[in-house]
Amino acid sequence: MIEETLPVGPFQQNCRILACPVTGDAVVVDPGADASEIVARLVKIKTPNGKSLNVKMLLHTHAHLDHVGATRALKEMLQPGCQPVIALHEGDQQIYEQLASQSRMFGLNYGEPLPVDRFLKDGESFTVGILEFKVIHTPGHSPGGVCFHVVEKSEAGTSVAELLLSGDTLFQGSIGRTDLMGGNHAQLIGSIKSRLLPLNGGLRVCSGHGPDTTIGEEREENPFLR
Ligand SMILES: [Zn+2]
Ligand SMILES: [Zn+2]
3 MIEETLPVGP FQQNCRILAC PVTGDAVVVD PGADASEIVA RLVKIKTPNG KSLNVKMLLH
63 THAHLDHVGA TRALKEMLQP GCQPVIALHE GDQQIYEQLA SQSRMFGLNY GEPLPVDRFL
123 KDGESFTVGI LEFKVIHTPG HSPGGVCFHV VEKSEAGTSV AELLLSGDTL FQGSIGRTDL
183 MGGNHAQLIG SIKSRLLPLN GGLRVCSGHG PDTTIGEERE ENPFLR
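Here the sequence shown stands for residues 3 to 228, numbered as in our numbering.
Next comes the structure, spelled out in C-alpha cells:
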C-alpha cells in the first residue's frame, strides 16, 4: 500500500495518507492541520502505474481538534476533482461540532466544521481499492474513538500488508490521556485490553502522535496495561 505520514500542526499529529497502489483510490486519516501541505503531498504521489490519487474519504480516529482541524479546508481544497466523504464515529459528533470552542481553548481560531457525511460503526468494513478497512470502536480517550485495521489484499485474497491506525488510544509505551472532553480511563484500558491486545502481535501500530510500535511490544512492555 502507499503510505505517507505527515506530522501536522502544533501538536505534531500524524496525519496519514493511505492509497491503493493499483487504483490510486486514497484516504486521508486525521487531517488535523496544514491542509495546503497535505494537498501538496497528495499531488506528488503517483501509483507505480502512474495514476494520481483520488481521495475518497477523510477518516477520523476521533474528533479532538488536532485530528479534525483541517478537515473542512482539505475537503474544500480537494473539490471538485475529488469528493471525499467525511467519516467519524457518532459518539464523537458532539466534540466535532465544538471545534470552534476547542480551538479557542488553545488560542486558535477555527471555523465551523462541515457536516459528517458518514458515521462509522463498530465492526464495519469497507474497501478502498485493494485496501480493506475494519472499524474497531475503542472508547475511552473520547466516546467515539475508533482504530482502523487496514489490510492490503492480494488478487488471491490473502493479506500482503497490514497496519493498525490507533489514533490517541494506544502509543508506544503509553496510552491516550483521559482528562480531555469525554475521556474515561477505565473504559480506555478496557478498550485496549479487549479490542487491541488480542490482535496479531506482529501487527504494526501507527499512533496519532510519536513513533510506530507493535501490538506484541505493547502487550509485553506497556506499563499502563499491566
Ligand atoms: Zn485526542
Ligand atoms: Zn491527538
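Cβ coordinates follow ideal geometry from the N, Cα and C atoms, glycine included. This one's a predicted model, so the numbers in the text were calculated from it and none came from an experiment.
- One Cα belongs to G203, the other to S209, and the distance between them is close to 16 Å.
- For H62, the shortest separation between its Cβ and any heavy atom of ligand 1 does not lie below 7 Å.
- The three-state secondary structure of R179, taken from DSSP, is coil.
- When C-alpha distances from S168 are compared across V130, F121, V137, A37, the shortest belongs to V137.
- Per the Cβ contact rule, the stretch 103-115 is not in contact with the stretch 135-150 (fewer than 3 Cβ pairs under 8 Å).
- For H151, the enclosing beta strand (DSSP E) begins and ends at 148-155.
- With the rule of 3 Cβ pairs closer than 8 Å, the stretch 170-183 does not count as touching the stretch 109-120.
- With the rule of 3 Cβ pairs closer than 8 Å, the stretch 17-36 counts as touching the stretch 44-62.
- Distances from the alpha-carbon of S127 to those of L198, H151, M79, Q15 put H151 closest.
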